[in-house]
Amino acid sequence: MDIFNGILLGFSQAATPMALLFCLIGCILGTLVGVLPGIGPSATIAMLLPITLGLNPLIALIMLAGIYYGAQYGGSITAILVNVPGEPSTAVTAIDGYAMAKQGRAGPALSISAIGSFVAGTAATLVLAVASPMLSQIALKFGAPEYFSLTLLGIILVVVLSQGSLLKGLAMATFGLLMGQVGTDVFTSATRFTFGLDELRSGIDFIAVSVGIFGVAEILRNLEASDGISRAVHKITQLMPNREDFRRSAGPIFRGTVLGSFLGVLPGGGAFLSSFASYAVEKRLSKHPEQFGKGAIEGVAGPESANNAGAQTSFIPMLTLGIPSNAVMALMVGAMVVQGIQPGPRVIVSQPELFWGLIASMWIGNVMLILLNLPLVGLWVRMLRIPYSVLFPGILAFACIGTFSANGIEINLYVLAASGLGGYLLTRIGCDPAPFLLGFVLGPMVEEHFRRAMLISEGNLAVFVERPISAVLIVITVVIALLTFVPSLLSARKTVFAHADD
Amino acid sequence: MIWDRDDLTSGLFFLGIGLFFAANTLSSLDIGTAAAMGPGFFPLALCIILTLLGIGILMNARKPAQGEEEQQVERPPLNWRAIFFVIAAPVAFGLMLRSFGLVPALTVTIALAVAASHTIGIKRGLAIVIGMTAFCVVVFYYGLQVPVDLFNPALF
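Respectively, the protein sequence lines represent chains A and B.
If you count by this note's numbering, then the first sequence holds residues 1 to 502, one letter each, in order.
If you count by this note's numbering, then the second sequence holds residues 1 to 156, one letter each, in order.
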């Protein structure tokens, strides 16, 4: 199927009343959790996974995807008006966006960020439509050894690009892989690490773990600080940017889109890295870098375009290779698996309506978001007045019922409690839960590819370097792993993330 | 030289997990050979890697003393009250759901959550418990039709 027919098919799937309704629900929820600091898209998607079980797979994915890119739109509202990033990926937007708000220019900042996001979202949708079929064509030729090497590369990249120490990231990924081993071995049907609990025979429940390490752990993190702070919100006087604003924003929006589209594809990339990279680029290219931090509109336009483009192109490795590039994509893989779809290059061929429908829905979602955001910004701002102390008991109750309703086993609630506590404590000692979830999702797959490859080669590890594609992937993995231990690169990485910690 | 407490804790944690699961694998699972792997081969490999990473983190945990003020990041202390009540909430939900029914389980869960925060007064707390319980019952029982009883019929 060529791209044109694919897109037509996609719109026919994504423009049904049901699909439009759930796309809208996803976008609204996404904007909402984006606006509210302390609730992220990962926690929301995790908690909504059980609810999507009753929907058809395309509708479920459309809604969950809407939450992710919708949160990029919503996060910028909080960043600009309150100087608190609603989402980590909007942290740099707060620098110049808030400075603009203090000068009474909150309206233009919000408009430019919505317009930039829309342009970037449209471009990234096209990138998705063009690049994914090509990539999946290549991936269809992959055998078990290639897949194993590719997964290894994916994990290394996520670890390298995630926050915190590399060794800890690797350890968390390995720990995740190990937890993914719990349950019944598919080759021999021996039970592993179930400690006599029959409920664990089918593995540790993915939904319970992800709701725990994102939802519950997030609540615990938020309760560390005082939960009763009221926030000063800047007024919006004039919404439309002037001609000068548009002129200065065109370049950053374009560059941000390109940068975000590219970085989004990288495992570990996505929205977060893209916005930081774009800010750095714009500051370097600017003729007046001294204005950055004091309300330069370029510092809003670039990162906001980049994070939305990155959010969308991060679907590419997930849809074409079945390899999630960040925690949200790991959840999307989980959503596909619970729906009975095996993620991988065959999805485009065997379920074109799912693939193209999702892509088309992203563009529709972007149209909805720009309509939701600009005229309704006052409504979203009002949401910021809800104190966290009212929100979190509800979130916790939703997490409990949601986890239980997924398959009706009480033990999953204890898994939820344990992974919430574990996720929180590990984050406190500098261990990022994202690589853990990635390992946990990929665990069974990694093992299967490894064992298949070993069967083919009769136990010879050389198979991974004798096959050309696999060898290239292994070489890249090793080079990246080695490079990251070079001190100069380590310090460069620190400066990229220096802002992220505050 | 001083010990970085976070590195020390996480190193020991990963080392412990690695060794524990390795012991479990060796005692209960067939390892096999590389050409004909048993169910324990891959887990054992992961345990070995995890143990080595744990040792690696521990070896990095000793830092020169001059970076002291940089190493010890200011961090809010553990909020034991919040941890206790937030973790108790799903556990209580799991214990109560079947024996008492959805409404009592939700009420207790949300009450525990409310107790985790020290800024919610009694009046407001009660309002949250009643409001949220009603909301969740409407959404999940009537809306999404989660198959549980509102009250366990055996109680009456």
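C-beta: ideal position from N, C-alpha, C; glycine also.
Computed from a predicted structure; not experimentally measured.
(1) Residues of chain B with CB closer than 9 Å to the CB of A:Tyr147, please, in chain order.
(2) Whole angstroms is fine: what's the gap from B:Ala34's alpha carbon to B:Ile55's?
(3) Quick check: the Cα distance between B:Thr239 and A:Phe214, rounded to an integer number of angstroms?
(4) With burial defined as no fewer than 16 other Cβ atoms inside 10 Å of the residue's Cβ, what is the status of A:Met47: buried or exposed?
(5) Tell whether a beta-carbon distance below 8 Å holds between A:Gly256 and A:Ala120.
(6) Could you check whether A:Phe254 and A:Asp96 sit closer than 8 Å to each other, using their CB atoms as the reference points?
(7) Taking only runs of the beta strand (DSSP E) that begin and end inside the stretch 43-96 of chain B, which ones reach a length of at least 3 residues, in chain order?
(8) My output table needs one value for B:Met37: the three-state DSSP class, helix, strand or coil.
(9) Looking only at DSSP bridge pairs, what is B:Ile2 linked to?
(10) Going by DSSP, name the residue or residues bridged to B:Thr9.
(11) Measuring only the C-alpha atoms, how far is A:Met240 from A:Gln312?
(12) Just how far apart, CA to CA, sit A:Phe262 and A:Ser278?
(13) Do you know offhand how far A:Pro435's Cα is from A:Phe315's?
(14) Strictly below 7 Å CB to CB, what residues from chain A border B:Phe100?
(15) For a quick check, are the C-beta atoms of B:Ile48 and B:Phe41 less than 8 Å apart?
(16) Scan the stretch 50-128 of chain A and note each continuous alpha helix (DSSP H) run of 4 residues or more that stays entirely inside, going in chain order.
(17) Within the continuous alpha helix (DSSP H) that includes B:Lys123, where are the two ends?
(18) Just how far apart, CA to CA, sit B:Ile110 and B:Pro147?
(19) For B:Ala116, would you say it is in contact with chain A, using Cβ-to-Cβ distances shorter than 8 Å as the test?
(20) Do you know offhand how far A:Ala65's Cα is from A:Val441's?
(21) Does A:Ala417 have its Cβ less than 8 Å from a Cβ in chain B?
(22) So with CB distances below 8 Å, who are the chain A contacts of B:Ser10?
(23) Does the pairing of the stretch 89-105 of chain B with the stretch 353-364 of chain A give three or more beta-carbon distances under 8 Å?
(24) The alpha helix (DSSP H) that contains A:Asp245, what's its start and end?
(25) Counting only C-beta atoms, is B:Met1 closer than 8 Å to chain A at any point?
(26) Just mark A:Phe4 as buried or exposed, buried being the case when its beta carbon has 16 or more other beta carbons within 10 Å.
(27) Using a Cβ-Cβ cut-off of less than 8 Å, give me the residues of the stretch 16-38 of chain A that come near chain B, in sequence order.
(28) Return the chain-ordered list of same chain residues with a C-beta closer than 7 Å to the C-beta of A:Leu319, the five sequence neighbours on each side being excluded.
(29) Can you give me the Cβ contacts of A:Ala109 inside the same chain, cut-off strictly under 6 Å, excluding the 5 residues immediately before and after it?
Well, looking at it:
(1) Taking the first residue of the first sequence as 1, we reach residue 147 of chain A at position 147. From the beta-carbon of A:Tyr147, no residue of chain B is found nearer than 9 Å; the closest lies around 15 Å away.
(2) For this step, residue 34 of chain B is matched to residue 34 along the second sequence. For this step, residue 55 of chain B is matched to residue 55 along the second sequence. Going by C-alpha positions, B:Ala34 is about 26 Å away from B:Ile55.
(3) The first residue shown for chain B is 1 and the last is 156, placing residue 239 of chain B beyond what the model contains.
(4) The residue you call residue 47 of chain A lines up with position 47 of the first sequence. Counting Cβ neighbours within 10 Å, A:Met47 comes out buried, since at least 16 surround it.
(5) On the first sequence, position 256 is the one that residue 256 of chain A refers to. On the first sequence, position 120 is the one that residue 120 of chain A refers to. It is a contact, given that the beta carbons lie within the stated cut-off.
(6) The sequence position of residue 96 of chain A within the first sequence is 96, counting from 1. The sequence position of residue 254 of chain A within the first sequence is 254, counting from 1. Not a contact, by the Cβ cut-off of 8 Å.
(7) Restricting attention to beta strand (DSSP E) runs no shorter than 3 residues, the stretch 43-96 of chain B encloses none.
(8) The residue labelled residue 37 of chain B in the question sits at position 37 within the second sequence. Looking at B:Met37 - three-state DSSP - the assignment turns out to be strand.
(9) On the second sequence, position 2 is the one that residue 2 of chain B refers to. Partner(s): B:Lys63.
(10) The residue given as residue 9 of chain B occupies position 9 in the second sequence. DSSP output for B:Thr9 lists no bridge partner at all.
(11) Stepping through the first sequence from its first residue, residue 240 of chain A is reached at position 240. Stepping through the first sequence from its first residue, residue 312 of chain A is reached at position 312. Counting only the Cα atoms, A:Gln312 lies some 26 Å from A:Met240.
(12) In the first sequence, the residue the question calls residue 262 of chain A occupies position 262. In the first sequence, the residue the question calls residue 278 of chain A occupies position 278. Cα-Cα distance, rounded: 11 Å.
(13) Taking the first residue of the first sequence as position 1, residue 435 of chain A is located at position 435. Taking the first residue of the first sequence as position 1, residue 315 of chain A is located at position 315. For A:Pro435 and A:Phe315, the distance between alpha carbons rounds to 17 Å.
(14) For the purposes of this step, residue 100 of chain B is taken as residue 100 along the second sequence, with counting starting at 1. For B:Phe100, there are no C-beta contacts with chain A under 7 Å, since the nearest C-beta of that chain is about 13 Å from it.
(15) In the second sequence, the residue the question calls residue 48 of chain B occupies position 48. In the second sequence, the residue the question calls residue 41 of chain B occupies position 41. No, Cβ-Cβ distance for B:Ile48 and B:Phe41 is not below 8 Å.
(16) Those alpha helix (DSSP H) runs which fall completely within the stretch 50-128 of chain A and span 4+ residues are 57-82 and 91-102.
(17) Mapped onto the second sequence, residue 123 of chain B falls at position 123. That run of the alpha helix (DSSP H) goes Ile122 to Cys136.
(18) Position 110 of the second sequence holds residue 110 of chain B. Position 147 of the second sequence holds residue 147 of chain B. Using only the alpha carbons, I get a separation of about 20 Å.
(19) Here residue 116 of chain B refers to the residue found at position 116 of the second sequence. Between B:Ala116 and chain A, the shortest Cβ-Cβ separation is below 8 Å.
(20) Residue numbering aside, residue 65 of chain A sits at position 65 when the first sequence is read from its first letter. Residue numbering aside, residue 441 of chain A sits at position 441 when the first sequence is read from its first letter. Approximately 18 Å between the Cα atoms of the pair.
(21) Reading the first sequence from its first residue, position 417 is the one you call residue 417 of chain A. Contact of A:Ala417 with chain B is assigned, a C-beta pair being separated by under 8 Å.
(22) As a first step, residue 10 of chain B must be located in the second sequence, where it is residue number 10. Contact annotation for B:Ser10 against chain A: Lys168, Ala171, Leu426, Ile429, Gly430 and Cys431 [CB-CB distance below 8 Å, chain order].
(23) They do not touch, by the three-pair rule.
(24) For the purposes of this step, residue 245 of chain A is identified with residue 245 of the first sequence, where counting begins at 1. Secondary structure note for A:Asp245: its alpha helix (DSSP H) is the uninterrupted segment Arg243 to Val265.
(25) The residue labelled residue 1 of chain B in the question sits at position 1 within the second sequence. Chain A contact via Cβ: absent.
(26) Here residue 4 of chain A refers to the residue found at position 4 when the first sequence is read from its first residue. Exposed: under 16 other Cβ atoms inside 10 Å.
(27) Answer in chain order: no residues at all.
(28) By 1-based counting over the first sequence, the position of residue 319 of chain A is 319. Answer for A:Leu319: Ser132, Val347 and Phe355, listed in chain order.
(29) For the purposes of this step, residue 109 of chain A is taken as the residue at position 109 of the first sequence. Result list for A:Ala109: Ile80, Gly97, Met100 and Val300, in chain order.
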